[in-house]
Structure formats: structure tokens, C-alpha cells
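Structure record follows, encoded as C-alpha cells.
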Ligand SMILES: Nc1ncnc2c1ncn2[C@@H]1O[C@H](COP(=O)(O)OP(=O)(O)OP(=O)(O)O)[C@@H](O)[C@H]1O
Ligand SMILES: [Mg+2]
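Protein chains in written order, with our numbering: chain G, 20 to 263; chain D, 100 to 505.
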């Protein structure tokens with residue numbers, strides 16, 4: 020059986036039609052892909068080519084119209100709402116273009132939030148969140164509100180939050196889209212380090228080729244289909260922490 | 100799970116204090132209104148019950164004047180036809196336990212430099228038994244005083260207070276309309292009557308003294324009313340028939356003719372008053388409860404706005420693993436908290452308002468703990484009931500739709 024192989028992510032014939040006023044719109048038209056553990060994948064492609072649609076399906080935030088999806092060997096394409104929430108909580112981490120932090124909660128509470136839904140006791144939540152805040156170099160901002168720190172720092176908070184429940188995969192849709200080139204380099208260096216040192220699988224959508232250079236594999240989308248899938252030598256990340 | 104959620108709910112409510120205040124205002128007013136109305140209603144009910152209890156049991160009054168004469172209300176007019184002979188004859192009836200004839204009118208009472216104007220009741224010593232009215236000190240005048248029209252008086256608490264202050268009036272001599280009367284006893288406190296009169300503002304004298312000496316020119320040996328106590332509740336109907344038959348015979352009234360007296364069942368009157376008070380109390384509570392519903396709708400309204408405003412927040416939570424029931428619980432907690440907050444403030448204002456009403460309007464109130472507990476239970480239920488729909492709406496949001504929301 021296809022799903023029982025060692026791939027962390029495996030999709031077959033994955034398709035998504037959006038229902039619009041003008042009828043069904045095929046945003047994704049049948050994608051076959053395997054992503055191994057510890058891979059660092061950059062997804063590129065023109066606007067409207069279906070990258071975000073694909074990421075939302077990988078993230079179990081949306082369900083496919085057709086096709087199959089195995090995450091870590093488990094068929095998750097047709098799971099009920101509650102179990103999908105569990106998969107998102109335990110196995111996936113998300114980083115969004117717009118950071119998506121809770122504005123009313125402090126940095127540490129934002130990072131600890133996935134653990135609340137995982138039922139982890141308060142003391143352990145705080146301890147684990149603090150470790151990750153230190154890890155992304157924001158120790159002194161633990162009790163600040165997100166609105167009081169810069170965009171690059173907010174995105175690092177979001178990365179810490181994505182990591183806190185020790186997921187296998189981090190899915191990031193244009194994580195540097197709102198950042199300048201300097202903070203982009205910082206965030207990408209952090210991603211590269213997580214991938215290299217902790218073996219976290221990374222799938223990252225970007226429009227910027229210098230961001231894609233950090234990845235070892237680049238997949239290109241066009242009109243809802245994969246049109247290119249190549250392996251490259253990743254660029255050396257900048258020294259992290261140099262300007263945190 | 101509840102702990103951090105409760106914290107977040109409080110955070111959400113305190114992050115927009117003005118809105119929280121305005122939202123709970125409806126609940127505050129609703130709960131306060133219910134508590135005040137219940138306090139006023141049960142206060143009225145209690146005072147009616149107290150009056151009934153102070154009236155005596157199984158009572159009739161026989162009034163001079165026919166049932167159709169308007170004068171009946173005042174207890175007969177100048178054409179009074181009831182006599183002490185009638186009273187004695189009624190006392191002989193087998194179903195009658197005791198009889199108290201009454202001749203009363205207003206008189207000026209003077210002691211030293213103090214004076215008061217009050218209602219003086221001419222009656223017999225059975226009056227205290229009929230009214231179930233004990234003495235605080237001294238003794239009631241007896242049969243011999245009634246026979247001799249003795250100048251003896253028993254004072255009510257209010258009159259005694261006015262004339263004597265804290266002193267015991269027994270043994271002193273007061274003047275009623277100028278004539279000296281020896282105070283033989285002091286009545287215990289009785290409180291208000293059903294119609295709101297102060298029953299302690301009274302003086303009792305032998306009925307004969309009232310007839311001949313105090314109000315002689317007005318009564319000419321007649322009575323304004325006779326109070327009759329039946330042996331038991333079961334015999335009330337029989338007593339009424341017997342009184343009617345007896346007095347018709349004594350007054351020479353034939354069948355078909357209109358009688359010149361009226362028999363009224365006081366117990367029945369009291370029961371009517373009690374049920375009226377009960378209905379009023381219920382009605383007040385029901386009207387006030389409508390404002391609770393209005394308060395609840397206010398909460399629902401603002402919770403719906405809140406769910407829409409926080410769609411993106413819900414999306415974030417769901418994306419990182421919140422279950423639908425977590426989202427439901429979070430918003431439900433918020434609306435319950437809102438409602439309880441309103442309930443708490445409303446209860447405080449309700450209690451304060453009730454005391455204020457009592458003070459300003461001089462009406463009796465009764466604040467019961469059960470009314471306050473009820474107010475809390477109702478507020479919490481309002482929070483659940485009106486928070487359910489918005490919370491469910493939040494819980495059913497699709498993560499991807501919610502995240503896309505701006
Ligand atoms: N909810 C939706 N309803 C209808 N059509 C949609 C919806 N979401 C996306 N689409 C359409 O599907 C197509 C693919 O959209 P998608 O967001 O996946 O593109 P993308 O590759 O992420 O583009 P971009 O680089 O601009 O983010 C687009 O043509 C878009 O208009
Ligand atoms: Mg996109």
C-alpha cells in the first residue's frame with residue numbers, strides 16, 4: 020500500500036475545486052508528491068498557481084475535493100473535524116505571512132497556546148514556551164505584547180509557537196512576505212538551523228528566489244499542477260543571533 | 100482547560116471595559132428590577148399576612164345598615180339599629196364562641212401636658228379574646244365595669260407611647276374628652292391592619308361608657324358593629340345563617356324584606372387580600388423578568404459582534420489545534436461571565452434599591468436570600484441561553500475561512 024512507505028508526506032492526485040458564483044474553479048488539478056523526513060522544500064510559482072491551496076490541504080486546514088493524503092503513514096484526507104484539529108495540534112506547525120499572533124496575549128502565552136489545547140499543565144507549558152523563546156532569541160520579550168515588537172521578531176515568535184508542540188513538519192506560507200531583506204535573512208537562518216540541527220521537515224512557500232536558495236529542494240507550481248521539482252545545493256545561512 | 104480559558108475570557112472582557120459595562124447594563128437593570136419587585140411584592144404579602152394573623156380567626160362582623168346602603172362601609176350611619184341586646188343574643192348562639200360589641204368614635208385623650216386624638220372603642224372584655232390580643236401589662240376591664248359603665252381604659256401601644264413615653268401607664272388617670280379614666284391595662288403591640296391603619300393607635304373603654312358618656316348623643320344605646328367569633332372554621336357558614344336568622348327575627352324583618360344589618364365574613368375578606376397580594380407579587384416579578392430577557396438579548400447581540408470581530412483569532416486558535424468545543428466553551432464562558440457580572444452588580448443595586456424604596460416610599464419590603472440566589476441562577480442561565488448561539492457560530496467556523504477573514 021502506497022501510504023505505508025517511509026515518507027512523512029505523501030499525496031496522490033490531490034485536487035481542490037473552489038465553488039464560486041461562476042461555478043467550480045479548479046485551483047489544484049491533481050498533485051502527486053512525496054516529502055521525506057528532514058527535507059527542506061521551497062514551493063514557488065506565479066500568483067494564483069495554487070500554492071496556498073496546496074499548503075492548506077497539507078496543513079489539514081481544508082479538505083481536498085479529490086485525491087489522497089497520508090501524513091506519517093496515516094490517511095488524513097477524510098478525517099472528522101475533531102481529529103483534524105488533533106493532527107494540526109500534534110503533528111503540524113504553521114507559520115503564516117501575517118504572523119497571526121493573538122494581539123491580546125503576551126509573547127509567552129502566544130507560544131504556549133498550542134499546549135493549552137494539547138492539555139499540557141500550566142507549569143510545563145510555561146517552561147517549554149520559555150525554552151523556545153530563548154531558542155529564537157527573544158528571551159527578554161517573553162512578557163511583551165506582539166504589538167510591541169518588530170515584524171521579524173513577531174515572525175520568530177510565530178516560529179517558536181509552531182515548534183512548541185514538537186511537530187514533525189512546519190508549513191510556512193510566505194513567512195518572509197512581510198519582512199525586509201535583513202529580517203528575512205534572520206528568519207531563514209533560523210529555519211535552516213532548525214532543519215539542519217533538529218531535523219524538522221520544512222515546507223515553505225515563497226516568491227523570492229533568494230529565500231528559495233535556503234532550501235535543498237524546489238517545487239514549482241503552475242495552474243494548479245507541479246511543473247518542476249528539483250534538488251539544489253542550499254546557500255549557507257548567515258550567522259544567527261548576530262543582530263537579534 | 101477551563102483555567103486558561105477563564106483567564107482569557109476575563110482578559111477579553113477587561114480589554115474593552117466600556118463595552119463590557121454597556122453590555123452588562125441590561126442584566127444589571129434586569130436583575131435589580133427583579134430583586135426590587137420581589138422585595139416589594141413579598142413585603143406587601145408579608146404585611147398582609149401579618150395583618151391577617153393579627154386580626155383574629157374565624158371572624159364575622161355584623162354592621163348596622165343594609166347591604167345595599169352605601170353607609171355600610173363606614174360601619175352604619177345615624178340609623179344604627181344594632182344594640183347590646185343583639186350582641187347578647189348572638190352570644191347565645193351554639194356555633195358562636197365569643198362576641199365583642201363595638202361603639203367607637205374619635206376622642207381627645209389628655210395626660211398631663213400630652214394629648215392625642217385617637218379612635219376610642221367601646222367594647223366588652225371578650226374583645227381581646229376575639230381579636231386574640233394579649234395585654235402587655237395591667238388588666239382588661241371586667242363585666243362589672245361594663246355593667247356600671249365604669250370610667251376605665253385600656254391603652255394601645257401607640258397611644259401609651261405618645262402620652263407616657265417609656266413609662267408604664269397602668270394606674271394613671273387620663274382624660275378622654277375631658278372626663279377622667281383610670282388606665283387599667285396596656286395592650287401588646289399589634290401592628291398594621293389590612294387597610295394599613297395602625298391598630299395600636301387605640302383606646303378601649305367599656306361599651307356602656309362609650310355609649311352613655313363618651314358618644315352618648317350619637318349612639319343612644321346602639322352599636323356600630325358586633326364582632327363575632329365562630330367556634331371553628333367548619334362552623335362559619337352555620338354561624339352566618341344563624342346570625343342572619345336571629346337578627347331578622349329580633350328586628351322584625353320578614354322574608355323578602357331588606358334587612359337593616361350586614362354580616363361580613365372577615366376571614367374571606369382576608370383571604371381575598373392575601374391572594375391579591377400574592378398575584379401582585381407574581382405580576383411584579385414577571386414584569387421585571389422581561390427586563391432580564393432584554394438584558395440577555397443585549398448580551399447575545401454583543402457576543403455575535405464579538406464572534407465576527409474575532410473571526411481571525413478563532414481561525415488562529417483552530418489552526419493550532421483548538422477543538423470546536425474549546426471555541427464553544429471560550430465564548431460561552433465569556434457570555435456567562437458577562438451575565439454573572441451583570442447579575443452581581445444588579446443584585447447589589449437591587450438590595451440597595453429595595454432599602455431605598457423602603458426608606459423613601461415607607462412601604463414594607465422583604466429581601467429574601469432565595470430571590471438573590473434566584474437572580475444569580477437566572478443570570479447564569481441567561482448567559483448560557485443567549486451565549487449559546489454566538490458560541491456555536493464561533494465553534495462552527497471553518498479554519499480556512501476564519502484565517503482568510505480580515
Ligand atoms: N476561497 C476561494 N474561493 C474561490 N477561489 C479561490 C479561493 N481561494 C483561492 N482561490 C483561487 O484559486 C487559485 C489558487 O489560489 P492560491 O491562493 O492557492 O494561489 P497562490 O499560488 O497561493 O497565489 P499567491 O502567490 O498570490 O498567494 C486562485 O486563482 C484563486 O483565485
Ligand atoms: Mg498564496
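Every residue gets a Cβ at the ideal spot worked out from N, C-alpha and C, and that includes glycine.
Any heavy atom of ligand 2 nearer than 7 angstroms to the CB - residues listed: Every residue with a CB closer than 7 angstroms to a heavy atom of ligand 2 is listed here in chain order: G/70, G/71, G/192, G/193 and G/224.
query: Roughly how many angstroms separate the alpha carbons of residue 407 of chain D and residue 502 of chain D, rounded to a whole number?
result: Taking the first residue of the second chain as 1, we reach residue 407 of chain D at position 308. Taking the first residue of the second chain as 1, we reach residue 502 of chain D at position 403. Here the alpha carbon of residue 407 of chain D sits roughly 12 angstroms from the alpha carbon of residue 502 of chain D.
field: Within 8 angstroms, strictly: CB atoms of residue 442 of chain D and residue 475 of chain D
entry: On the second chain, residue 442 of chain D is found 343 positions in, with the first residue counted as 1. On the second chain, residue 475 of chain D is found 376 positions in, with the first residue counted as 1. Yes, Cβ-Cβ distance for residue 442 of chain D and residue 475 of chain D is below 8 angstroms.
- prompt: Using a Cβ-Cβ cut-off of 6 angstroms (strictly less than) and excluding sequence neighbours within five positions of residue 281 of chain D, which residues of its own chain qualify?
  reply: Along the second chain, read from residue 1 onward, the residue named residue 281 of chain D stands at position 182. In the same chain as residue 281 of chain D, and ignoring 5 residues on each side of it, the C-beta atoms closer than 6 angstroms to its own belong to 251 and 272, in chain order.
message: Considering only heavy atoms of ligand 1, does any lie closer than 7 angstroms to the CB of residue 414 of chain D?
response: As a working note, residue 414 of chain D is residue 315 in the second chain. Residue 414 of chain D: no, Cβ never under 7 angstroms from ligand 1.
query: Counting only beta-carbon atoms, is residue 45 of chain G nearer than 8 angstroms to chain D?
result: Residue numbering aside, residue 45 of chain G sits at position 26 when the first chain is read from its first letter. No - not a single Cβ of chain D is within 8 angstroms of the one on residue 45 of chain G.
message: Buried or exposed, going by whether 16 or more other CB atoms sit within 10 Å of the CB of residue 205 of chain G?
response: As a working note, residue 205 of chain G is residue 186 in the first chain. Label assigned to residue 205 of chain G: buried.
Test: residue 28 of chain G CB closer than 8 angstroms to a CB of chain D: Along the first chain, one-based indexing puts residue 28 of chain G at 9. Not flagged as an interface residue toward chain D: residue 28 of chain G, since no C-beta distance is shorter than 8 angstroms.
Partner residues on chain G for residue 434 of chain D, Cβ-Cβ distance less than 9 angstroms: Here residue 434 of chain D is taken as the residue at index 335 of the second chain, counted from 1. By Cβ distance, chain G contributes nothing, its closest Cβ being about 18 angstroms from residue 434 of chain D, past 9 angstroms.
query: Taking the alpha helix (DSSP H) that residue 152 of chain D falls in, what are its first and last residues?
result: In the second chain, residue 152 of chain D corresponds to position 53, counting from 1. Taken as a continuous stretch (DSSP letters only), the alpha helix (DSSP H) holding residue 152 of chain D covers 116 to 154.
query: So the alpha helix (DSSP H) residue 450 of chain D belongs to, where does it begin and stop?
result: Position 351 of the second chain, counted from the start, is the residue given in the question as residue 450 of chain D. Where residue 450 of chain D is concerned, the enclosing alpha helix (DSSP H) starts and stops at 423 to 460.
query: Would you say residue 245 of chain D and residue 327 of chain D are within 8 angstroms of each other, going by their C-beta atoms?
result: Taking the first residue of the second chain as 1, we reach residue 245 of chain D at position 146. Taking the first residue of the second chain as 1, we reach residue 327 of chain D at position 228. Judged by beta-carbon spacing, residue 327 of chain D lies beyond the 8 angstroms limit of residue 245 of chain D, meaning their Cβ atoms are not closer than that value.
Closest residue to residue 78 of chain G among G/105, G/59, G/85 and G/58 (Cα-Cα distance): Locating residue 78 of chain G in the first chain gives position 59, where the first residue counts as 1. Of the listed residues, the one whose Cα sits closest to residue 78 of chain G is G/105.
Local Cβ density within 10 Å of residue 161 of chain D, reported as buried at 16 or more and exposed below that: What you label residue 161 of chain D is simply residue 62 of the second chain in a count that begins at 1. Residue 161 of chain D should be labelled buried.
query: Where do the N-terminal and C-terminal ends of the alpha helix (DSSP H) with residue 418 of chain D fall, by residue?
result: Your numbering for residue 418 of chain D matches position 319 in the second chain. Counting along the chain, the alpha helix (DSSP H) containing residue 418 of chain D begins and ends at 410 to 418.
field: Nearest-angstrom Cα separation, counted from residue 396 of chain D out to residue 384 of chain D
entry: Working through the second chain from its first residue, we reach residue 384 of chain D at position 285. Working through the second chain from its first residue, we reach residue 396 of chain D at position 297. Taking the straight line from one Cα to the other gives about 19 angstroms.
- request: Please name the residue in G/65, G/108, G/47 and G/69 whose C-alpha comes closest to that of residue 85 of chain G.
  value: Position 66 of the first chain, counted from the start, is the residue given in the question as residue 85 of chain G. Considering only alpha carbons, the answer is G/47.
- request: May I ask you to check if the CB of residue 49 of chain G is nearer than 7 angstroms to at least one heavy atom of ligand 1?
  value: Reading the first chain from its first residue, position 30 is the one you call residue 49 of chain G. No, the Cβ of residue 49 of chain G stays beyond 7 angstroms of every heavy atom of ligand 1.
Residue 224 of chain G: contacting residues in chain D (beta-carbon distance under 8 angstroms): Here residue 224 of chain G refers to the residue found at position 205 when the first chain is read from its first residue. Chain D residues near residue 224 of chain G: none, gap ~15 angstroms exceeds 8 angstroms.
task: Report the rounded CA-to-CA distance for residue 169 of chain D versus residue 361 of chain D, giving the unit in angstroms.
output: Position 70 of the second chain holds residue 169 of chain D. Position 262 of the second chain holds residue 361 of chain D. Only weak support exists for where residue 169 of chain D lies, its pLDDT of 41 falling under 50; the coordinates are left without a value.
- prompt: Taking 8 angstroms as the CB-CB cut-off, is residue 70 of chain D touching chain G?
  reply: Coverage of chain D is limited to positions 100 through 505, which leaves residue 70 of chain D absent and any answer about it impossible.
message: Which residues of the stretch 110 to 125 of chain D have a Cβ closer than 9 angstroms to any Cβ of chain G? Give them in chain order.
response: Cβ contacts with chain G: 110, 111 and 114.
- prompt: Taking the alpha-carbon positions, what's the residue 114 of chain G to residue 241 of chain G distance?
  reply: Stepping through the first chain from its first residue, residue 114 of chain G is reached at position 95. Stepping through the first chain from its first residue, residue 241 of chain G is reached at position 222. Their Cα atoms are separated by approximately 23 angstroms.
- prompt: Is the beta carbon of residue 237 of chain D sitting closer than 8 angstroms to the one on residue 284 of chain D?
  reply: By one-based count along the second chain, residue 237 of chain D stands at place 138. By one-based count along the second chain, residue 284 of chain D stands at place 185. One thing to note: residue 237 of chain D has its Cβ within 8 angstroms of the Cβ of residue 284 of chain D.
query: By how many angstroms is the C-alpha of residue 315 of chain D removed from the C-alpha of residue 217 of chain D?
result: The residue you call residue 217 of chain D lines up with position 118 of the second chain. The residue you call residue 315 of chain D lines up with position 216 of the second chain. Straight across, the Cα-Cα distance linking residue 217 of chain D with residue 315 of chain D is about 17 angstroms.
- request: Use the C-beta contact count for residue 365 of chain D: other C-beta atoms within 10 angstroms, 16 or more gives buried, fewer gives exposed.
  value: Within the second chain, residue 365 of chain D is the residue found at index 266, counting from 1. By the Cβ neighbour-count rule, residue 365 of chain D is buried, with 16 or more other Cβ atoms within 10 Å of its own.
field: Burial state of residue 27 of chain G (16 or more Cβ within 10 Å)
entry: What you label residue 27 of chain G is simply residue 8 of the first chain in a count that begins at 1. By the neighbour-count criterion, in which a residue is buried when 16 or more other Cβ atoms sit within 10 angstroms of its Cβ, residue 27 of chain G is buried.
task: Determine, using beta carbons only, whether residue 412 of chain D comes closer than 8 angstroms to chain G.
output: Counted from its first residue, the second chain places residue 412 of chain D at position 313. Yes, because at least one Cβ of chain G sits closer than 8 angstroms to the Cβ of residue 412 of chain D.
field: Contact set between residue 73 of chain G and chain D, taken where Cβ atoms lie within less than 7 angstroms
entry: Walking along the first chain from the start, residue 73 of chain G turns up at place 54. The premise fails here: residue 73 of chain G is roughly 13 angstroms from chain D at the closest Cβ pair, so nothing lies under 7 angstroms.
- prompt: Can we say the stretch 365 to 383 of chain D touches the stretch 454 to 471 of chain D, given the rule of at least three CB pairs closer than 8 angstroms?
  reply: Verdict: no, contact absent.
- request: Starting from the C-beta of residue 490 of chain D, find all residues in its chain whose C-beta is less than 6 angstroms away, skip the five residues before and the five after it, and write them out in chain order.
  value: Taking the second chain and counting its residues from 1, the one referred to as residue 490 of chain D is at position 391. So the list reads 427, 430 and 431, once near-sequence residues are dropped.
Option nearest residue 463 of chain D by Cα separation, candidates D/411, D/120, D/134 and D/139: Against the second chain, residue 463 of chain D aligns to sequence position 364. The closest CA to that of residue 463 of chain D, considering only D/411, D/120, D/134 and D/139, is found on D/139.
message: Please tell me whether, using a cut-off of 7 angstroms, the distance from the CB of residue 40 of chain G to the nearest non-hydrogen atom of ligand 1 is below it.
response: Locating residue 40 of chain G in the first chain gives position 21, where the first residue counts as 1. In this structure, residue 40 of chain G has its beta carbon at no less than 7 angstroms from each heavy atom of ligand 1.
message: Below 8 angstroms, how does it come out for the stretch 180 to 200 of chain G and the stretch 209 to 220 of chain G: are there three or more Cβ pairs, yes or no?
response: As far as the Cβ criterion goes, the stretch 180 to 200 of chain G touches the stretch 209 to 220 of chain G, which means the pair count is three or higher.
- request: Run down chain G in chain order and give the residues with a C-beta less than 8 angstroms from the C-beta of residue 423 of chain D.
  value: As a first step, residue 423 of chain D is located in the second chain; it is residue number 324 there, counting from the start. Within chain G, the residues near residue 423 of chain D are 100, 101 and 104.
- prompt: Is the beta carbon of residue 107 of chain G sitting closer than 8 angstroms to the one on residue 418 of chain D?
  reply: Along the first chain, read from residue 1 onward, the residue named residue 107 of chain G stands at position 88. Along the second chain, read from residue 1 onward, the residue named residue 418 of chain D stands at position 319. When the beta-carbon positions are compared, residue 107 of chain G and residue 418 of chain D come within less than 8 angstroms of each other.
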